[in-house]
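Working notes, beginning with the structure itself.
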Amino acid sequence: MELPVGRAAELFDEHGELTDPRTRERLAEIVSAVLAQHDRLREAA
Numbered sequence: 040m041e042l043p044v045g046r047a048a049e050l051f052d053e054h055g056e057l058t059d060p061r062t063r064e065r066l067a068e069i070v071s072a073v074l075a076q077h078d079r080l081r082e083a084a
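Under the numbering used here, think of the first position of the sequence shown as 40, with each following residue one higher.
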């Protein structure tokens, strides 16, 4: 899975680490939502 990140050159350091706290928080929310959906679908199967 890939998640596009605009202005990536500004948000990641030279080691590829995400340094922007706002983007990090939003990414964590998205990943949590995907995992929750996965769990719901697995339980329904």
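Note that the Cβ used here is the ideal one computed from N, Cα and C, for glycine as well.
- Here L57 is actually not in contact with R65; their C-beta atoms are around 10 Å apart, not less than 8 Å.
- Residue state for L57 is assigned as strand, using DSSP reduced to three classes.
- For E41, there is no enclosing alpha helix (DSSP H), as DSSP marks it with neither H nor E.
- Only residues of its own chain outside the window of five on either side were considered, and among them L57 have a CB closer than 6 Å to the CB of F51, listed in chain order.
- A direct Cα-Cα distance of roughly 29 Å separates D78 from G45.
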